[in-house]
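A quick write-up on the structure given underneath.
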Amino acid sequence: MHYKFPTRPELLRDIRAAAETFILPDYTPEFPILPKSASVVTAGSCFADNIAATLLGLGMETHTISIVEGLNSPLATLDMIRRLSDGDDGGIAGHARLARASLLVLTVGVAIHPFLHGHPIFAFGRENVRGLHWRMLTVEEIKEAIMMILDEVRLISPSLKTVISISPIPLQWSKEHRSVFGQDCLSKSLIRVAVESVLSEKIKDVYYWPSFEIVRWLGGHSGPFFGTNGQDARHIDQNVLDIIMSLFIRRYFY
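Numbered according to our numbering, the sequence shown spans residues 1063 to 1316.
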């Protein structure tokens, strides 16, 4: 069956209605899967903090696991989750929160990551900064990292349900390319293809929440979604976030 792009502008002016009609179908469970009393943990990119804050404001019990500073790639998230499993680096509290949570919202931020002598690194300073090489991860590397994250969190909580999302927040800077917009497009595109490949595996209790499509694609027709109310051009309008996360609650919680 074919589904036509909505060419009438008035169909896209109402953000909530447009998202429900044209973006959410086939990406959410048929019926809500958790009670509103369930505990939610967000982890991954800095957008995880935005999700957590908005869910808290909407009355959900939500915690954020945030250990890695400055690196928002799936490799960095995998390293963070592994350290939770080991109980290292202040991860004991995060491990406990994840163990008792019902749902993990895993946000994937950027595809660019630093390497030293061909190996990914997660902390750097003056002693090694000159030897760093930043590059885009491949689709295969991103998919492998996400799959390994899913394995790691299920070691902590076998019954945990996971929703994968892609951060719609742009790259803060590009590396070795003058077009940060081009680099951001490449980064998000690689991530989106990798996530779709993960979804094609049909892993039990793994879902996708299309916040990226709502902000970046619907926003191009219904925006502006960034830089409103005195915020800079990398911050999403809070009203838009509230709509996105209220839809999330409606689709996943009863």
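The C-beta atom is built at its ideal place from N, Cα and C for all residues, glycine as well.
Q | Environment of Ile1211 [buried if 16+ CB atoms lie within 10 Å] | A | By the neighbour-count rule (16 or more Cβ atoms within 10 Å), Ile1211 is buried.
Q: Taking all protein chains shown into account, decide if Lys1066 is buried (16 or more other Cβ within 10 angstroms of its Cβ) or exposed.
A: A residue is called buried once 16 or more other Cβ atoms fall within 10 Å of its Cβ, and Lys1066, having fewer, is exposed.
Q | Burial state of Arg1078, where buried means 16 or more other Cβ atoms lie within 10 Å | A | By the 10 Å Cβ count, Arg1078 comes out exposed.
Q: Output the distance between the C-alpha atoms of Ser1273 and Arg1296, rounded to the nearest integer angstrom.
A: When rounded, the distance between both Cα atoms is 15 Å.
Q) For Asp1151, which of helix, strand or coil comes out of DSSP? A) Residue placement at Asp1151 cannot be trusted, given a pLDDT of 46 that sits under 50; what the coordinates show is reported in the next sentence. DSSP, read as helix, strand or coil, puts Asp1151 in coil.
Q: Use the C-beta contact count for Lys1223: other C-beta atoms within 10 angstroms, 16 or more gives buried, fewer gives exposed.
A: Under a 10 Å Cβ-count criterion, Lys1223 is classified as buried, with 16 or more other Cβ atoms of the shown protein chains found around its own Cβ.
Q) Ends of the alpha helix (DSSP H) at Lys1266? A) Here Lys1266 belongs to no alpha helix (DSSP H), and DSSP marks it neither H nor E.
Q | Check whether Ile1204 and Ile1253 have beta carbons under 8 Å apart | A | Going by C-beta atoms, Ile1204 is nearer than 8 Å to Ile1253.
**Q.** Cβ contact (3+ pairs, closer than 8 Å) linking the segment 1105-1112 and the segment 1073-1087
**A.** No, because fewer than three Cβ pairs between the segment 1105-1112 and the segment 1073-1087 fall closer than 8 Å, the two stretches do not touch.
**Q.** Identity of the residue in Ser1219, Val1268, Thr1090, Phe1243 nearest Val1172 by Cα
**A.** Closest option to Val1172, judged by alpha-carbon separation, among Ser1219, Val1268, Thr1090, Phe1243: Phe1243.
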